[in-house]
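Undergrad:
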């Protein structure tokens, strides 16, 4: 059972859909997290999502969302937002996998204690590599939102001294 | 009067598959399988370093990740004629086996069982009777009366709250639902247990792969798992032995729960051995190489034509000309220019979108053909080829499953009945059981080889000047996957992935021959056109993965199976 799991979700080959994994890369290259905290790029987990989502006290997802706000807007979603079909709220391309998984784990009794999602409103999600300028500018905002949520459960990562962040592999290769 | 039914999308997981059927007199008379979104990912690889291709290919799709990494490194190694060390082969094999154990269990319980199981009916079950039935099927310890009662109480709580949660999308009370309440209760109980046991197989992939999805440990030339028995940071004996109990638990669930459950469901729906055969030409490739050059394999592959097992013709390896020259893709009815048929090395991906045209272009999926024939791929093809080739493990588990189904259905089940909707489920369970035996054998092989002192994991690739081409295949959970790469002066010049769902979901070809999905739906019963559960049963039995065959983005929140009944 981990204290906190931070998961970036999204297809890194689909433009702004890469923002979840990109924020995870941003965090991991600047901060060192305690050993009982997981910070991972889950990419497109689909059928493997139940494995990753079970048995954590707190889970934070970072994902591209489709909402009517301006591209690059960072939005916070609660567990209820993720499992309900609230009209007007359109979540990520990874629905309904996330909703189904939460409901399944609820039934099995292994659902996380709480779940939040930091959503970044996407602009383009065609198959191509590279974020839109709006979404790229939102990375530090989304990362700050994640760190803020982490702090609420007592997780404050150490900044890495003299960190020299590089581009994630899918942009660098 | 005939009715046209459109189901879009039909997968319970991410994806874009549209099925159109024309129903007349309670039966499907015509069918179209269409993928509604373009993939076009292969063009992203052109000009890249072939050693990086596997990193990108396993991000192709939202469902099958590991398999695209394996096919990709094999394709580049094949182009180079590059051998890999025994440890690398063992490690890759264990990853592929554990991945399949996970995938198949998830498919049955989480993605398709609800086509057959009426959750609400489980409320009427007698938990003691359910426990005694389950105990008669296997000695699995998770079948007690108390456990059955606890699961029933959970379902009762859900139904009482008016929120069926995860089960809200099922077709409860549909006339095609026929299992007794006790069997429904057993199935719901195992649905929940499957969530736990699938994790063990997944953890094995993560131990060797570094993470999953999107493993990090493969490389063109082998694997990147440093082996040193004296170092805590590498693959050492502790880490090797940490996989054993995980494999044991996953194997036990497969043999004592999954296989008996599939046999029970099949035995109680015997009429479904009469539907869904479709294309009875089968294609599979050999898997789990035992030498570094991919020339010897644990399980056979090949082709079977017209459902006649005596026509079995083996495919001996990636270099076998029968395989290498046999594959083409046609785009007559797909949204591409350059209709074809074209060999994958010459394959083109130039979009040419039209509207959905019943007699023209109607899908983003191309039509792969083998020597001009549509082929069904997947566990059924894999098991039938293994059975026809006389593979002892395939024969053992197929015969055991048929005998178990016979005693429940009170009819003599034969291999010929496997050409059907239920046959695909049965074959998937057989294949998983076979893999569960091979898993431990491969694990022991790796341990023995490491203990012997062999720590080699990688032979570095060297790219020649000029053009080389290679094919990497993998008998993946959804069927035969192949990556075809042309490399020019060390850079990728062309890359084509011919994926399992493309074989099965292919539209009509230049000769007008329908693909396996389309053929399998003909003569399927449809009791209630508003709720075409029977169509879902047959399509889900293939384990469709349109996320694999196409791009998956879906900005609108859609119901899992939106059904439109048109005039």
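Chains as they are written, first to last, in this note's numbering: chain A, 1 to 173; chain B, 1001 to 1567. Think of the CB as a built atom: it goes at the ideal place given N, C-alpha and C, for glycine as much as any other residue.
1) Out of 1162/B, 1199/B, 1118/B and 1482/B, which one is the CA nearest neighbour of residue 110/A?
2) Leaving out five residues on either side along the sequence, give the residues of the same chain with a beta carbon under 8 Å from the beta carbon of residue 163/A.
3) Specify the secondary structure class of residue 48/A as computed by DSSP and reduced to three states.
4) In terms of residues, what are the limits of the beta strand (DSSP E) holding residue 1519/B?
5) Compare the C-alpha of residue 1514/B against each of 1483/B, 1433/B, 1481/B and 1334/B and name the closest.
6) Taking only three categories from DSSP, how would you classify residue 1298/B?
7) For a contact meaning CB atoms closer than 8 Å, what does residue 1213/B contact in chain A?
8) Count Cβ pairs between the segment 1301-1319 of chain B and the segment 1456-1466 of chain B that sit closer than 8 Å; are there 3 or more?
9) Could you work out which residues of chain B lie near residue 81/A, taking near to mean beta carbons separated by less than 8 Å?
10) Does the beta-carbon distance from residue 146/A to residue 60/A come in below 8 Å?
11) Looking at C-alpha atoms only, which residue of 1379/B, 1141/B, 1216/B and 1506/B is the closest neighbour of residue 1189/B?
12) Measuring alpha carbon to alpha carbon, tell me which of 1054/B, 1081/B, 1017/B and 1072/B ends up nearest residue 1463/B.
13) Please name the residue in 1429/B, 1388/B, 1521/B and 1352/B whose C-alpha comes closest to that of residue 1404/B.
14) Please report the Cβ distance between residue 1181/B and residue 1149/B, rounded to the nearest whole angstrom; I am assuming they are in contact, meaning their Cβ atoms lie under 8 Å.
15) Assuming residue 1104/B is part of the alpha helix (DSSP H), what are its boundary residues?
16) Select from the segment 97-110 of chain A all residues with a C-beta closer than 8 Å to any C-beta belonging to chain B, and list them in chain order.
17) Leaving out five residues on either side along the sequence, give the residues of the same chain with a beta carbon under 8 Å from the beta carbon of residue 1288/B.
18) Can you grab the Cα-Cα spacing for the pair residue 1412/B / residue 1029/B, in whole Å?
19) Rounded to the nearest angstrom, what separates residue 171/A and residue 14/A at their Cα positions?
20) I'd like to know whether the C-beta of residue 178/A is nearer than 8 Å to at least one C-beta of chain B.
21) At what residues does the alpha helix (DSSP H) containing residue 1495/B begin and finish?
22) Taking a contact to mean a Cβ-Cβ separation below 8 Å, would you say residue 1543/B touches residue 1378/B in this structure?
23) Can you tell which of 1145/B, 1134/B, 1049/B and 1066/B has its C-alpha closest to the C-alpha of residue 945/B?
24) Check whether the Cβ of residue 1404/B lies closer than 7 Å to any heavy atom of the ligand ZN, and answer yes or no.
25) What are the start and end residues of each continuous beta strand (DSSP E) run of 3 or more residues lying completely inside the segment 1278-1330 of chain B, in chain order?
26) One question on the structure: do residue 977/B and residue 1518/B come within less than 8 Å of each other, judged by their Cβ atoms?
27) For residue 1073/B versus residue 1254/B, is the C-beta spacing smaller than 8 Å?
28) Run through chain A and tell me which residues come within less than 7 Å of residue 1202/B, C-beta to C-beta.
29) Taking the alpha-carbon positions, what's the residue 115/A to residue 1357/B distance?
30) At 9 Å on the CB atoms, spell out the chain B contacts of residue 28/A, in chain order.
31) Against chain C, with Cβ distances strictly below 8 Å, would residue 167/A count as a contact?
32) Within the 8 Å Cβ cut-off, does residue 1424/B reach chain A?
33) What do you get for residue 1321/B, buried or exposed, if any count of 16 or more other CB atoms within 10 angstroms of its CB means buried?
34) Just the Cα atoms here: how many angstroms apart are residue 1234/B and residue 154/A?
35) Taking the runs of the alpha helix (DSSP H) that are 4 residues or longer, which of them lie wholly in the segment 69-154 of chain A?
36) Are there 16 or more other CB atoms within 10 angstroms of the CB of residue 68/A, so buried, or fewer, so exposed?
TA: Short version:
1) Nearest of 1162/B, 1199/B, 1118/B and 1482/B to residue 110/A, Cα basis: 1199/B.
2) Excluding positions up to five away in sequence, the list reads 29 and 30.
3) Residue state, collapsed to three classes: helix.
4) Segment 1516-1521 is the alpha helix (DSSP H) holding residue 1519/B; no beta strand (DSSP E) there.
5) Distances from the CA of residue 1514/B to each of 1483/B, 1433/B, 1481/B and 1334/B were compared; the closest alpha carbon is that of 1334/B.
6) When secondary structure is reduced to three states using DSSP, residue 1298/B falls in the strand class.
7) Residues of chain A whose Cβ lies closer than 8 Å to the Cβ of residue 1213/B are, in chain order, 42, 43, 44, 45, 46 and 48.
8) No, the segment 1301-1319 of chain B is not in contact with the segment 1456-1466 of chain B.
9) Correct list: empty, because the minimum Cβ distance to chain B is about 12 Å.
10) Going by beta carbons, residue 146/A and residue 60/A fall inside the 8 Å limit.
11) Residue 1141/B holds the alpha-carbon nearest to the alpha-carbon of residue 1189/B among 1379/B, 1141/B, 1216/B and 1506/B.
12) Residue 1463/B has its Cα closest to that of 1081/B, out of 1054/B, 1081/B, 1017/B and 1072/B.
13) Ranking 1429/B, 1388/B, 1521/B and 1352/B by Cα distance to residue 1404/B puts 1429/B first.
14) With a Cβ gap of about 13 Å, residue 1181/B and residue 1149/B do not count as contacting.
15) Looking at the DSSP string, the run of the alpha helix (DSSP H) that includes residue 1104/B is 1086-1106.
16) Residues of the segment 97-110 of chain A whose Cβ lies closer than 8 Å to any Cβ of chain B, in chain order: 97, 100, 103, 104, 105, 106, 107, 108 and 110.
17) The residues are 1093, 1096, 1097, 1297, 1298, 1299, 1438 and 1442.
18) Roughly 30 Å between the two C-alpha positions.
19) Residue 171/A and residue 14/A have their C-alpha atoms some 12 Å from each other.
20) A question about residue 178/A goes unanswered here, because the residues of chain A that appear run from 1 up to 173.
21) Per DSSP, residue 1495/B belongs to no alpha helix (DSSP H); it is in the beta strand (DSSP E), 1491-1498.
22) Yes. Within cutoff.
23) As shown, chain B starts at 1001 and ends at 1567. That puts residue 945/B outside it, with no answer to give.
24) You won't find the ligand ZN in this model; it holds no ligand whatsoever.
25) Counting whole runs of 3 or more residues, the segment 1278-1330 of chain B contains the beta strand (DSSP E) stretches 1282-1284, 1287-1289, 1297-1299, 1302-1305, 1308-1314 and 1327-1330.
26) With chain B running from 1001 to 1567 in the structure shown, residue 977/B is simply not present.
27) No, the Cβ-Cβ distance between residue 1073/B and residue 1254/B is not below 8 Å.
28) Within chain A, the residues near residue 1202/B are 48 and 51.
29) Cα-Cα distance, rounded: 44 Å.
30) Simply none; closest approach about 13 Å.
31) You won't find chain C in this structure, because its protein chains are A and B.
32) The beta carbon of residue 1424/B does not come within 8 Å of any beta carbon belonging to chain A, so the residue lies off that interface.
33) With fewer than 16 neighbouring CB atoms inside 10 Å of its own CB, residue 1321/B falls in the exposed class.
34) The alpha-carbon atoms of residue 1234/B and residue 154/A are separated by roughly 32 Å.
35) Fully enclosed alpha helix (DSSP H) runs of 4 or longer: 79-83, 97-108, 133-137 and 139-152.
36) Around the beta carbon of residue 68/A, fewer than 16 other beta carbons lie within 10 angstroms, which makes this residue exposed.
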